[in-house]
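Letter by letter, the sequence shown follows residues 1 to 72 of this note's numbering.
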Amino acid sequence: MNLLKRSVLLLIRFYRKYISPLKKPSCIFIPTCSQYALDAVTKYGFFKGLYLSIKRILRCHPFSKGGYDPVP
């Protein structure tokens with residue numbers, strides 16, 4: 001696993017463990033956006049995984065229909 005991929009996975013895990021519990025649950029998708037990001041980066045690597053994760057996070061808002069949206 002390359003350094004970029006490991007770094008982003010570490011940052012996502014840090015967010016999930018220390019920052020996310022301080023906020024109220026707000027993700028309208030299944031799996032959650034952070035789980036989606038972990039899955040995308042693990043499956044596709046740093047660049048494509050991060051791109052897919054950012055697209056997903058931008059779709060996560062109260063006006064989106066949400067629902068089941070797995071990593072392609």
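Every residue, glycine too, gets a C-beta built ideally from N, C-alpha and C.
Distance CB(residue i)-CB(residue j) smaller than 9 Å
i: CYS33; j: SER7; result: no
i: CYS60; j: PHE14; result: no
Residues that residue i bridges to, as DSSP identifies them
i: ILE30; result: TYR68
Whole-angstrom distance between residue j and residue i, CA atom to CA atom
i: CYS27; j: LEU4; result: 26 Å
i: PRO31; j: GLY45; result: 19 Å
i: LEU58; j: THR42; result: 20 Å
i: PRO72; j: LYS24; result: 27 Å
i: LYS17; j: LYS48; result: 24 Å
i: LEU50; j: GLY67; result: 21 Å
Rounded distance between the beta-carbons of residue j and residue i, thought under 8 Å
i: ILE12; j: LEU38; result: 5 Å
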